[in-house]
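This note's numbering puts the first residue of the sequence shown at 76, with every later residue one more than the last.
Don't be surprised by glycine CBs; every beta carbon is placed ideally from N, CA and C.
Taking it in order: structure first as structure tokens, then the write-up.
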Amino acid sequence: MTKRRSVIIGTGSYLPQTVLSNDDLAARLDTSDAWIVERTGICSRHVAAPGEFTSDLGAEAARRALAAAGCTPADIDLIVVATATPDQTFPAVATVIQHKLGMTHGAAFDVAAVCSGFLYALTVADALLASGGYGRALVIGAETMTRLLDWDDRTTAVLFGDGAGAVVLEAQMQPGSAADRGVLASRLHSDGRYNDLLHVDGGPSSTGTTGHLRMKGREVFRHAVVNLASVMGEVLEAAGLTAADVTWLVPHQANLRILEATARKLNLPADRVVITVDRHANTSAASVPLALDAAVRDGRIQPGDLVLLEAMGGGFTWGAAAVRW
Ligand code: COA
Numbered sequence: 076m077t078k079r080r081s082v083i084i085g086t087g088s089y090l091p092q093t094v095l096s097n098d099d100l101a102a103r104l105d106t107s108d109a110w111i112v113e114r115t116g117i118c119s120r121h122v123a124a125p126g127e128f129t130s131d132l133g134a135e136a137a138r139r140a141l142a143a144a145g146c147t148p149a150d151i152d153l154i155v156v157a158t159a160t161p162d163q164t165f166p167a168v169a170t171v172i173q174h175k176l177g178m179t180h181g182a183a184f185d186v187a188a189v190c191s192g193f194l195y196a197l198t199v200a201d202a203l204l205a206s207g208g209y210g211r212a213l214v215i216g217a218e219t220m221t222r223l224l225d226w227d228d229r230t231t232a233v234l235f236g237d238g239a240g241a242v243v244l245e246a247q248m249q250p251g252s253a254a255d256r257g258v259l260a261s262r263l264h265s266d267g268r269y270n271d272l273l274h275v276d277g278g279p280s281s282t283g284t285t286g287h288l289r290m291k292g293r294e295v296f297r298h299a300v301v302n303l304a305s306v307m308g309e310v311l312e313a314a315g316l317t318a319a320d321v322t323w324l325v326p327h328q329a330n331l332r333i334l335e336a337t338a339r340k341l342n343l344p345a346d347r348v349v350i351t352v353d354r355h356a357n358t359s360a361a362s363v364p365l366a367l368d369a370a371v372r373d374g375r376i377q378p379g380d381l382v383l384l385e386a387m388g389g390g391f392t393w394g395a396a397a398v399r400w
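Shown next as structure tokens:
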């Protein structure tokens, strides 16, 4: 039995030039480098320049992923962008990126699942490729989260950063086993009861403003570890694999303590977890593809490796995917 699988044939990422350290934040907020490092593992974050938009970050990550895959925009027929920080309320950032890449063909749209956005976008693109209607997709997570921050709120202003990551997915016929290359399984969840724990207090339909990010961090933390452990187990079972098969965990980068607690639930040694939260902070939908690209480019992720991706975010939404490299 053969199966049409979505294989990641290239990754790319882009971080804006300006780096903001914890000390830079401590100069204008009642916080300290020691508090931020101890509670979150974050040391610094990148911040987009004035006039630099989510679509600019996403387009550059996409160009780098295309180059890594040996493809040009002409080879792509689908663009799915995960973002909570579009340039404009509409049109979709995906169509802006499509234009920046010089494409006038194919389909392009955004998905909104905040920090889980990349898992949602990957799952949607995988399903469209599996349907046979599309051959190659760009799946992009791109965010300018710093534009949503209330810079007077020390409980959230220290946690987020800007950036983008992208992958090129190609439909390939594979033997149809757990040893196949590509996305072996993915699972998504949501539970809208928890809106008040993590949300933006504005929007076009409610206030007519963009609003600011608000979070009850301690409660989010508690849900994150439980939900992530559960969805990782689910996805491994769906792929016919166990935690012992995982070569690399590439988690959403929100907080080092969440990453460590999640890895412990899988009995995965700390050196099998890809960590970028120290220098990227939480880049929402961009965090998983940014971390993935870092581990591909420095040679940690090798052909045949089983890579487990996971994320949880506002909604709540959460998801995981098992991908054979
Ligand atoms: N600097 C200094 N003190 C701070 C601070 C900061 N930046 N932010 C909060 N504090 C204070 C609080 O006001 C509180 O003071 P109090 O005890 O006098 O009231 C104290 O530190 C402890 O706050 P608390 O919120 O309980 O800390 P915590 O250990 O839970 O850490 C987070 C806070 C936000 C780092 C942590 O809860 C977290 O990471 N949560 C998950 C967030 C997340 O992953 N979100 C994204 C999911 S997509």
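Smallest Cα separation from residue 346: which of 360, 356, 321 and 213?
Selected option, being the one with the closest Cα: 321.
In angstroms, rounded to a whole number, what distance separates the CA positions of residue 131 and residue 341?
37 Å
In terms of residue numbering, what span does the alpha helix (DSSP H) encompassing residue 327 cover?
Taken as a continuous stretch (DSSP letters only), residue 327 belongs to no alpha helix (DSSP H), as it is neither H nor E.
Which runs of the beta strand (DSSP E) fall wholly inside the segment 224-299 and span at least 3 residues, in chain order?
Runs of the beta strand (DSSP E) lying entirely within the segment 224-299 and spanning at least 3 residues, in chain order: 237-249, 257-265, 273-275 and 288-290.
So that I know if they touch, is there some Cβ in chain E lying closer than 8 Å to that of residue 266?
In the structure shown, chain E does not exist; there is a single protein chain.
Give me every residue whose Cβ sits closer than 5 Å to any heavy atom of ligand 1, in chain order.
106, 110, 114, 115, 190, 229, 230, 233, 292, 293, 295, 296, 329, 330 and 388
Could you tell me the boundaries of the alpha helix (DSSP H) in which residue 98 lies?
97-101
For my contact list, residue 255 and residue 79 are in at a C-beta cut-off of 8 Å; report their separation, rounded to the angstrom.
Not quite, the Cβ-Cβ distance comes to about 10 Å (not below 8 Å), so this is no contact.
Expressed to the nearest angstrom, what Euclidean distance is found between the alpha-carbon atoms of residue 305 and residue 145?
Distance from the CA atom of residue 305 to the CA atom of residue 145, rounded to whole angstroms, is 37 Å.
For residue 188, three-class secondary structure by DSSP:
coil
Going by the beta-carbon positions, is the gap between residue 189 and residue 392 smaller than 8 Å?
yes
Determine, using beta carbons only, whether residue 195 and residue 244 come nearer to each other than 8 Å.
No. Outside cutoff.
Residue range of the alpha helix (DSSP H) that includes residue 354
352-355
Is the segment 353-361 close to the segment 235-243, with three or more CB pairs under 8 Å?
yes
Suppose you measure from the CA of residue 117 to the CA of residue 222; what does that come to, to the nearest Å?
19 Å
Cβ pair residue 349, residue 325 closer than 8 Å:
yes
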